[in-house]
(Lines of atoms letter the chains of each structure in order from A; the text may use other names.)
(Lines give C-alpha, C1' and ligand atoms only; values in the text may rest on other atoms or scores of the structure.)
Protein backbone atom coordinates (compact mmCIF):
# COMPACT_ATOMS: atom_id res chain seq x y z
CA UNK A 516 0.00 0.00 0.00
CA UNK A 517 1.18 3.53 -0.79
CA UNK A 518 3.06 5.25 2.05
CA UNK A 519 1.03 8.44 1.46
CA UNK A 520 -2.01 6.68 2.96
CA UNK A 521 -0.28 5.68 6.20
CA UNK A 522 -1.61 8.79 8.03
CA UNK A 523 -5.16 7.92 6.91
CA UNK A 524 -4.82 4.33 8.06
CA UNK A 525 -3.22 5.47 11.34
CA UNK A 526 -6.03 8.00 11.97
CA UNK A 527 -8.78 5.41 11.51
CA UNK A 528 -6.81 2.79 13.45
CA UNK A 529 -6.38 5.26 16.31
CA UNK A 530 -10.13 5.82 16.42
CA UNK A 531 -11.34 2.22 16.56
CA UNK A 532 -14.16 1.80 19.10
CA UNK A 533 -15.34 5.37 18.53
CA UNK A 534 -18.32 6.92 16.77
CA UNK A 535 -17.48 8.74 13.51
CA UNK A 536 -19.41 10.63 10.86
CA UNK A 537 -18.44 10.41 7.21
CA UNK A 538 -19.85 12.88 4.68
CA UNK A 539 -19.35 11.84 1.06
CA UNK A 540 -19.91 14.39 -1.71
CA UNK A 541 -20.00 13.05 -5.28
CA UNK A 542 -21.61 14.48 -8.43
CA UNK A 543 -23.83 16.82 -6.43
CA UNK A 544 -25.07 14.00 -4.16
CA UNK A 545 -24.34 13.94 -0.44
CA UNK A 546 -24.37 10.80 1.70
CA UNK A 547 -23.79 10.88 5.42
CA UNK A 548 -22.67 7.85 7.39
CA UNK A 549 -22.90 7.43 11.16
CA UNK A 550 -20.59 4.58 12.12
CA UNK A 551 -19.37 2.98 15.33
CA UNK A 552 -15.94 1.86 14.11
CA UNK A 553 -15.13 -1.66 15.32
CA UNK A 554 -12.07 -2.22 13.14
CA UNK A 555 -10.47 -1.39 9.80
CA UNK A 556 -9.07 -3.53 7.02
CA UNK A 557 -6.75 -2.46 4.21
CA UNK A 558 -7.44 -3.99 0.80
CA UNK A 559 -5.14 -4.06 -2.21
CA UNK A 560 -6.65 -5.93 -5.14
CA UNK A 561 -6.91 -5.60 -8.89
CA UNK A 562 -10.36 -4.62 -10.08
CA UNK A 563 -12.16 -5.46 -13.30
CA UNK A 564 -14.92 -2.86 -13.23
CA UNK A 565 -12.78 0.30 -13.37
CA UNK A 566 -14.95 1.84 -10.64
CA UNK A 567 -13.67 0.09 -7.53
CA UNK A 568 -10.36 1.49 -6.28
CA UNK A 569 -7.37 -0.84 -6.29
CA UNK A 570 -6.40 0.30 -2.78
CA UNK A 571 -9.18 0.89 -0.29
CA UNK A 572 -9.92 0.97 3.38
CA UNK A 573 -12.82 -1.03 4.79
CA UNK A 574 -14.42 0.53 7.85
CA UNK A 575 -16.16 -2.23 9.76
CA UNK A 576 -18.82 -1.52 12.34
CA UNK A 577 -22.47 -0.72 12.87
CA UNK A 578 -24.26 2.34 11.66
CA UNK A 579 -26.45 4.00 9.06
CA UNK A 580 -26.19 5.73 5.70
CA UNK A 581 -28.42 8.71 5.00
CA UNK A 582 -28.91 9.64 1.36
CA UNK A 583 -31.56 11.98 -0.03
CA UNK A 584 -34.55 11.29 2.23
CA UNK A 585 -33.81 7.75 3.38
CA UNK A 586 -31.72 6.19 6.12
CA UNK A 587 -30.53 2.59 5.85
CA UNK A 588 -28.20 0.31 7.82
CA UNK A 589 -24.68 0.06 6.40
CA UNK A 590 -24.77 -3.00 4.09
CA UNK A 591 -22.94 -5.89 5.70
CA UNK A 592 -21.56 -3.56 8.38
CA UNK A 593 -18.79 -2.44 6.01
CA UNK A 594 -18.20 1.02 4.55
CA UNK A 595 -15.53 1.35 1.87
CA UNK A 596 -13.26 4.36 1.40
CA UNK A 597 -11.21 4.37 -1.81
CA UNK A 598 -7.56 5.31 -1.38
CA UNK A 599 -6.33 5.01 -4.98
CA UNK A 600 -6.48 8.48 -6.51
CA UNK A 601 -7.25 10.14 -3.16
CA UNK A 602 -5.18 12.55 -1.15
CA UNK A 603 -5.43 13.98 2.36
CA UNK A 604 -6.37 17.62 2.05
CA UNK A 605 -6.92 18.20 5.76
CA UNK A 606 -6.13 16.29 8.94
CA UNK A 607 -6.45 16.88 12.69
CA UNK A 608 -7.06 14.83 15.83
CA UNK A 609 -10.81 15.24 15.37
CA UNK A 610 -11.08 14.49 11.66
CA UNK A 611 -9.74 14.41 8.14
CA UNK A 612 -10.70 15.19 4.56
CA UNK A 613 -9.87 12.91 1.62
CA UNK A 614 -10.37 14.25 -1.89
CA UNK A 615 -10.16 12.76 -5.37
CA UNK A 616 -11.26 13.76 -8.86
CA UNK A 617 -14.54 11.97 -8.23
CA UNK A 618 -15.52 12.73 -4.64
CA UNK A 619 -14.70 14.20 -1.25
CA UNK A 620 -14.90 12.41 2.12
CA UNK A 621 -15.08 14.54 5.28
CA UNK A 622 -14.66 12.47 8.45
CA UNK A 623 -15.00 13.61 12.03
CA UNK A 624 -15.26 12.13 15.51
CA UNK A 625 -18.27 12.49 17.73
CA UNK A 626 -17.49 14.24 20.98
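Residue numbers (my numbering): 516 to 626. Glycine included, C-beta positions come from ideal geometry on N, C-alpha and C. Treat the numbers as computed from the prediction; the structure is a model and nothing was measured.
Unbroken beta strand (DSSP E) run spanning residue i, endpoints
i, result
"residue 547", "544 to 559"
"residue 585", "585 to 588"
Close-in-space but distant-in-sequence residues of the same chain around residue i (CB under 7 Å, 5 per side omitted)
i, result
"residue 588", "579"
"residue 522", "603 and 606"
Contact check, residue i vs residue j, beta carbons under 8 Å
i, j, result
"residue 538", "residue 547", "yes"
"residue 617", "residue 540", "no"
"residue 535", "residue 623", "yes"
Supposed contact pair residue j and residue i - C-beta distance, whole angstroms, cut 8 Å
i, j, result
"residue 552", "residue 576", "5 Å"
"residue 526", "residue 605", "About 11 Å; that fails the 8 Å criterion."
"residue 593", "residue 620", "Not really, about 15 Å apart at Cβ, beyond 8 Å."
Sheet register partners of residue i (DSSP bridge)
i, result
"residue 538", "547 and 621"
"residue 596", "572"
"residue 602", "614"
"residue 521", "In the DSSP output, where bridge partners are listed per residue, residue 521 has none listed."
"residue 578", "550"
Residues near residue i in its chain [Cβ-Cβ closer than 6 Å; skip 5 each side]
i, result
"residue 520", "598"
"residue 600", "615"
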